[in-house]
Amino acid sequence: MADQYAQSSEHTRPTELPAIPAIPAIRWDEPPEGPVLVLLDQTRLPGEESELVCTDAPALVDAIRTLAVRGAPLLGIAGAYGVALAAVRGFDVDEAADALAGARPTAVNLAYGVRRAQAAYRTAIAGGDGVGGAAGAALAAARALHAEDARASTEMAARGLALLDELLPGGGHRILTHCNTGALVSGGEGTAFAVALKAHREGSLRRLWVDETRPLLQGARLTAYEAARNEMAYTLLTDNAAGSLFAAGEVDAVLIGADRIAADGSVANKVGSYPLAVLARYHHVPFIVVAPVTTVDPATPDGASIEVELRSGHEVTEVTVPYAPMTGRDAGGGIPVAPLGTQAYNPAFDVTPPELVTAIVTEEGVLSPVTAEGLVELCARSRQV
Ligand code: MRU
Numbered sequence: 001m002a003d004q005y006a007q008s009s010e011h012t013r014p015t016e017l018p019a020i021p022a023i024p025a026i027r028w029d030e031p032p033e034g035p036v037l038v039l040l041d042q043t044r045l046p047g048e049e050s051e052l053v054c055t056d057a058p059a060l061v062d063a064i065r066t067l068a069v070r071g072a073p074l075l076g077i078a079g080a081y082g083v084a085l086a087a088v089r090g091f092d093v094d095e096a097a098d099a100l101a102g103a104r105p106t107a108v109n110l111a112y113g114v115r116r117a118q119a120a121y122r123t124a125i126a127g128g129d130g131v132g133g134a135a136g137a138a139l140a141a142a143r144a145l146h147a148e149d150a151r152a153s154t155e156m157a158a159r160g161l162a163l164l165d166e167l168l169p170g171g172g173h174r175i176l177t178h179c180n181t182g183a184l185v186s187g188g189e190g191t192a193f194a195v196a197l198k199a200h201r202e203g204s205l206r207r208l209w210v211d212e213t214r215p216l217l218q219g220a221r222l223t224a225y226e227a228a229r230n231e232m233a234y235t236l237l238t239d240n241a242a243g244s245l246f247a248a249g250e251v252d253a254v255l256i257g258a259d260r261i262a263a264d265g266s267v268a269n270k271v272g273s274y275p276l277a278v279l280a281r282y283h284h285v286p287f288i289v290v291a292p293v294t295t296v297d298p299a300t301p302d303g304a305s306i307e308v309e310l311r312s313g314h315e316v317t318e319v320t321v322p323y324a325p326m327t328g329r330d331a332g333g334g335i336p337v338a339p340l341g342t343q344a345y346n347p348a349f350d351v352t353p354p355e356l357v358t359a360i361v362t363e364e365g366v367l368s369p370v371t372a373e374g375l376v377e378l379c380a381r382s383r384q385v
């Protein structure tokens, strides 16, 4: 049964993808014209790997809102570098920090990264370092967060795979994932995707089921791209095909990332995650969340308190074509698929209650069952919280 499903829509190394150079998701650069933050423009993937160069915080805010740079851990790193950019270029650091922290509301990592770099800047100013020294301190904070996230990613992959192997002895894991959680969202190889990638490298991944992730197709465009580049056995499905996949017994575990984990263990992640958790519970399949401790927000008491970003209805009433080189259409132009004037409900995230989460895997440890007390203990192990 599994192979039938896989064969009907399998892509392991699509030949139509261009030979892809390795452009990092984010990098700080210092050309003669002045320091810049260089992003891999994720709106152009998988058709084109192009760089987006930000010379100031407003450009970065725009890149965050349009999802050129996205995913919780990477948003934190970008936010921290954004503060450094404002500082190095002599802009108002507090104003830049507020604009960056408010660019998207749900991923707590964004505000975390921004405030961490801002605090480093302020501390340096207070210590008499001067504006130049303080800008250097903000940049050092951003670089430190970048490096920490890479290390966290490696640790989460190891802990996540150990958990999978424990829950599902015998290997041959068939993992369903949603949205994009790989190297495109991280200083390292990501969160949930990094676990699947490690399983692939160690020969225990039988199949990665990739939800396309409507409406912006982070699964189809980005996770499939990362899976193809890594030569993983993966199959793309529409989000609404997940139910029949569970019913056919084709899913051994669900692995997702998180944008914010509230103090009670509620998990905000890309819209469509909660229905997967419900399906997983009904079908007795582990539902595992993989996220760095920086995604845990003790200041948000519960799921109902998490602000869920509502995005433009155009993302639902129109199909955008970001894959311009493949389609031949201009990027960003929406093709209407609903009658003009149709209203759309377009939350970017949903919230899964802790009782539906089998485990939360962080770089500091695995929490299962998910409880408020357990989260406090986990966070206490990290110097971040
Ligand atoms: O709207 P996006 O693309 O920024 O949403 C990203 C997600 O929902 C990811 O699953 C989440 O940030 C976890 S990434 C490790």
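Just so you know, we're using full-length UniProt numbering here: the sequence shown kicks off at 1 and counts up by one. Cβ atoms here follow ideal geometry from the backbone N, Cα and C, with glycine treated the same way.
- Query: Are the CB atoms of H173 and D211 nearer to each other than 8 Å?
  - Reply: Between H173 and D211, the gap from beta carbon to beta carbon reaches 8 Å or more.
- Query: So is A111 buried or exposed if we call it buried at 16+ other beta carbons inside 10 Å?
  - Reply: buried
- Task: Using the Cα positions of A344 and V316, report the straight-line distance between them to the nearest angstrom.
- Result: 6 Å
- Message: Please tell me whether, using a cut-off of 7 Å, the distance from the CB of G190 to the nearest non-hydrogen atom of the ligand MRU is below it.
- Response: yes
- Contact check, V290 vs G160 under 8 Å by CB: the rounded distance? 5 Å
- Message: Do G113 and I77 have their beta-carbon atoms positioned less than 8 Å apart in this structure?
- Response: yes
- Query: Roughly how many angstroms separate the alpha carbons of N240 and A247, rounded to a whole number?
  - Reply: Cα-Cα distance, rounded: 13 Å.
- Message: Determine, for A80, whether the minimum Cβ-Cβ distance to residues of chain C falls below 8 Å.
- Response: Reference to chain C is not applicable here, since this structure consists of a single protein chain.
- Query: Is the beta carbon of T106 sitting closer than 8 Å to the one on E363?
  - Reply: no
- Of all the alpha helix (DSSP H) runs that stay within the bounds of the stretch 39-87, which reach a length of 4 or more residues? 57-65
- Task: Taking all protein chains shown into account, decide if D29 is buried (16 or more other Cβ within 10 angstroms of its Cβ) or exposed.
- Result: It counts as exposed.
- Message: Less than 7 Å separating the Cβ of V185 from some heavy atom of the ligand MRU?
- Response: yes
- By Cβ distance, which residues of its chain are closer than 6 Å to L75, with the 5 residues on each side in sequence left out? Same-chain partners within the cutoff: A107, N109, L110.
- Beta-carbon proximity check, G265 vs V370, cutoff 8 Å: yes
- Could you tell me the distance, in whole angstroms, from the CA atom of G374 to the CA atom of V351? 19 Å
- Message: Given this structure, state the Cα-to-Cα distance separating G219 from L208, to the nearest angstrom.
- Response: 11 Å
- Query: Is L208 helix, strand or coil when you go by DSSP?
  - Reply: L208 sits in a strand when the DSSP states are folded into three classes.
- Task: Pair every Cβ in the stretch 144-154 with every Cβ in the stretch 92-104, then say whether three or more of these pairs are closer than 8 Å.
- Result: They do not touch, by the three-pair rule.
- Query: Hey, A117 and A157: beta-carbon distance below 8 Å or not?
  - Reply: no
- Message: Tell me the DSSP secondary structure of L378 in three-state form.
- Response: helix
- State yes or no: is the C-beta of A107 nearer than 7 Å to some heavy atom of the ligand MRU? yes
- Could you check if D94 is buried or exposed, using at least 16 other CB atoms within 10 Å of its CB as the buried criterion? Result: exposed.
- Report whether the distance from the Cβ of residue 394 to the nearest heavy atom of the ligand MRU is below 7 Å. With the chain represented from 1 up to 385, any question about residue 394 goes unanswered, as that position is not in the structure.
- Cut-off 7 Å between Cβ atoms - residues of its own chain near A80, not counting five sequence neighbours on either side: Listed in chain order, the non-local C-beta contacts of A80 below 7 Å within the same chain comprise G113, V114, R116, A117, A141, A142, L145, local neighbours out to five positions each way being set aside.
- Query: Rounded to a whole number of angstroms, what is the C-alpha to C-alpha distance between N346 and G170?
  - Reply: 40 Å
- Of the listed residues T358, P353, V319, E355, nearest to P339 (C-alpha basis): V319
- In this structure, does DSSP put N180 in helix, strand or coil? Of the three classes helix, strand and coil, the one that applies to N180 here is coil, per DSSP.
- Query: Can you find a heavy atom of the ligand MRU that lies under 7 Å from the Cβ of T43?
  - Reply: no
- Item | 7 Å CB neighbourhood of H200 in its chain, flanking five on each side removed | N230, M232
- Query: Whole alpha helix (DSSP H) runs in the stretch 125-174 with 4 or more residues, listed along the chain?
  - Reply: 130-167
- Query: Comparing alpha-carbon positions, which option in A138, G128, V271, G47 lies nearest W90?
  - Reply: With the sequence shown as reference, residue 90 is identified as Gly, and Trp is not the correct amino acid for it. Out of A138, G128, V271, G47, A138 has the C-alpha closest to the C-alpha of G90.
- Quick one: is the Cβ of Q118 within less than 7 Å of any heavy atom of the ligand MRU? no
- Can the beta-carbon of V361 be found closer than 8 Å to that of L163? yes
- Work out the CA separation of G182 and E226 for me, nearest whole Å. 7 Å
- Task: Give the straight-line distance between the Cα atoms of A268 and A359, rounded to the nearest whole angstrom.
- Result: 14 Å
- Under the three-state reduction of DSSP, which class applies to L367: helix, strand or coil? strand
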